[in-house]
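A.B. asks: What follows is a structure written as structure tokens; I'll ask about it next.
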Ligand code: ADP
Ligand code: MG
């Protein structure tokens, strides 16, 4: 288990963190030809959607990245992989995800970014990476915990802030 803690100041740094995590996980999902799950934990306004926006834009998406609050999931299909951005805040019953065919999302070459994963307890697979975001005055504290990435990969992310 590898982990790292640091803080980031301002929306741009949160987007940059998303891009930094994408630069490691997107090549990895293609190399392993599997789906990687990233849980995004943190209160409303902690920066989960901002992180996701940075992640998705860094992959070359040219449009507006909207919060999938009402659709629960927004897919982004690229040539060789997909990103699934989930926001489960409004999920009433984890079974809803079964009806959506959630398992299909996790057998593709993809990275899933999951806001409010706790709302789907028991239905989602174990995450490969968990990113905790919390308030600290005008910045945010970040903790990344993972069994998939190496400690030196996490240290290289931290070194960018
Ligand atoms: P969530 O999806 O967790 O509810 P959002 O990303 O929608 O949060 O909103 C986060 C808010 O906090 C935005 O107003 C954004 O500008 C701001 N923000 C994001 N990252 C930081 C940061 N590192 N420092 C200060 N403010 C931030
Ligand atoms: Mg959000």
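Residue numbers (our numbering): 938 to 1098. By construction, the Cβ of each residue, glycine as well, lies at the ideal position given by its N, Cα and C atoms.
Between the Cα of residue 1063 and the Cα atoms of 1074, 1071, 1051 and 1073, which residue gives the shortest distance?
C.D. replies: Of 1074, 1071, 1051 and 1073, the smallest CA-CA separation from residue 1063 is found for 1051.
A.B. asks: Which residue comes first and which comes last in the alpha helix (DSSP H) that contains residue 1094?
C.D. replies: 1088-1095
A.B. asks: Return the residue from the list 1090, 946, 1007 and 1011 that minimises the CA-CA distance to residue 1048.
C.D. replies: 1011
A.B. asks: Is the distance from the Cβ of residue 977 to the Cβ of residue 988 below 8 Å?
C.D. replies: One thing to note: residue 977 has its Cβ within 8 Å of the Cβ of residue 988.
A.B. asks: Nearest by alpha-carbon distance to residue 1025: which of 1017, 957 and 1007 is it?
C.D. replies: Nearest of 1017, 957 and 1007 to residue 1025, Cα basis: 1007.
A.B. asks: Between residue 940 and residue 1084, is the Cβ-Cβ spacing less than 8 Å?
C.D. replies: no
A.B. asks: Would you report the Cα separation of residue 992 and residue 1037, rounded to the nearest angstrom?
C.D. replies: 24 Å
A.B. asks: Could you say which of 1057, 1096 and 959 lies nearest to residue 1040 if we only look at CA atoms?
C.D. replies: 1057
A.B. asks: Check each residue's C-beta against every heavy atom of ligand 2 and list, in chain order, those closer than 6 Å.
C.D. replies: 985, 986, 1004, 1024 and 1052
A.B. asks: On the DSSP bridge assignment, give the partners of residue 1073 in chain order.
C.D. replies: The partner list for residue 1073 (beta bridge, DSSP) reads 1076.
A.B. asks: Any chance the CB of residue 951 is under 7 Å from a heavy atom of ligand 1?
C.D. replies: yes
A.B. asks: Between 968, 996 and 967, which lies nearest to residue 952 when the distance is taken from Cα to Cα?
C.D. replies: 996
A.B. asks: Is residue 1072 buried or exposed, if buried means 16 or more other CB atoms sit within 10 Å of its CB?
C.D. replies: exposed
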